[in-house]
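Trainee: Mapping to our numbering: the sequence shown position 160 is 1101, numbers consecutive.
One structure follows; several queries about it will come next.
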Amino acid sequence: MKTVINAAAALVFAVTISMSCQNRSTSADSASAVLENIATRTSIRQFTDTPLTESEIETLLKAGMAAPTAINYQPWHFIVVTDPEVRSSLVSGRVNTMYAQAPCLIVVCGEVNWIRRGRDGEEPVEMENGNWAVDCALAGENILLAAHALGLGGVWTACYPYPDRYELVKEKLGIPDKVMPLTVLALGHPAENPEPKDKWKPEKIHNERW
Ligand SMILES: Cc1cc2nc3c(=O)[nH]c(=O)nc-3n(C[C@H](O)[C@H](O)[C@H](O)COP(=O)(O)O)c2cc1C
């Protein structure tokens, strides 16, 4: 049943991406497939050896780049790491040892500065982009949802704001100065089948005001 739902969600996702913004209508079936995909995603930390295909990786990257960003700046860069030696080099101590097992890592990085138009004809200026992490997080979640829709699994692992993690990732992957890795997404074919967590808490909702 889960496979059928995943396949339906994958189909809906692929069609949605290919139609781009030409057709905004959505049927009840496709809406429920998308909602089911969101509700059933859960972190996967155990993976089989089966690699991801190029087409699967491209689908995941397209999902990431479909996310919204502040002023549509798209500050993101995505580093796809499949080489087992490089993946293992990103493991530090006993933290996130799944990098060595997951056949594909996607490191979502952001340009921490942006170049904004100068006012009144002034030259464009480079300044801190306070939105880079939010933008990259939206891309990361899109990738995790797309992976789930394709019958794959994945987990978000923290990089920024932990210097011990992001400095290692920056060094090993040659990431430039003004670019920060936000997360390392570990992705692959699930070798575990955990139940999605029930996070619905009506007491978290405030109507009209707190
Ligand atoms: C900002 C952030 C950092 C996280 N860091 C890690 C991590 O370093 N290692 C890990 O195994 N999971 C990490 N996770 C995954 C969470 O543990 C997981 O999403 C959470 O327990 C909820 O479970 P679910 O994804 O199955 O809904 C992180 C998730 C987020 C959003």
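All C-beta atoms, glycine included, are put in the ideal place defined by N, C-alpha and C.
On a predicted model such as this, the values are computed, not experimentally measured, just so you know.
Closest to residue 1100 by C-alpha separation, out of 1026, 1042, 1047, would be which residue?
Mentor: The shortest C-alpha separation from residue 1100 is found at 1047.
Trainee: Report yes if the C-beta distance between residue 1054 and residue 1069 is below 8 Å; otherwise report no.
Mentor: Pairing residue 1054 with residue 1069 gives a Cβ-Cβ distance under 8 Å.
Trainee: Can you tell me whether residue 1003 is helix, strand or coil according to DSSP?
Mentor: helix
Trainee: Residue 981 and residue 1089 look like a contact to me (Cβ under 8 Å); what is the Cβ gap, rounded to whole Å?
Mentor: 7 Å
Trainee: Report yes if the C-beta distance between residue 1009 and residue 1051 is below 8 Å; otherwise report no.
Mentor: no
Trainee: Using alpha carbons as the reference points, say which of 1113, 989, 1133, 1151 lies closest to residue 1125.
Mentor: If you compare the alpha carbons of 1113, 989, 1133, 1151 with that of residue 1125, the shortest gap goes to 1113.
Trainee: Pick from 1092, 1118, 1059: whose alpha carbon is nearest that of residue 1131?
Mentor: For the residues 1092, 1118, 1059, the minimum Cα distance to residue 1131 belongs to 1092.
Trainee: With a CB to CB cut of under 7 Å and the five nearest residues on each side skipped, what residues in its chain are close to residue 1138?
Mentor: 983
Trainee: Could you pull the start and end residues of the beta strand (DSSP E) that residue 1054 belongs to?
Mentor: From DSSP, the beta strand (DSSP E) with residue 1054 extends over 1054-1057.
Trainee: How long is the line joining the alpha carbons of residue 1024 and residue 1045, rounded to whole angstroms?
Mentor: 8 Å
Trainee: Compute the minimum distance between the beta carbon of residue 1037 and the heavy atoms of ligand 1, and state whether it is under 7 Å.
Mentor: yes
Trainee: My assumption, with CB atoms under 8 Å, is that residue 1004 sits in contact with residue 1056. Please give the rounded CB distance.
Mentor: Rounded, the Cβ-Cβ distance is 27 Å, inconsistent with contact.
Trainee: Do you know whose CA, among 1140, 1039, 1075, 1041, lies nearest residue 1122's CA?
Mentor: 1075
Trainee: Helix, strand or coil for residue 1017? Go by DSSP, reduced to three states.
Mentor: strand
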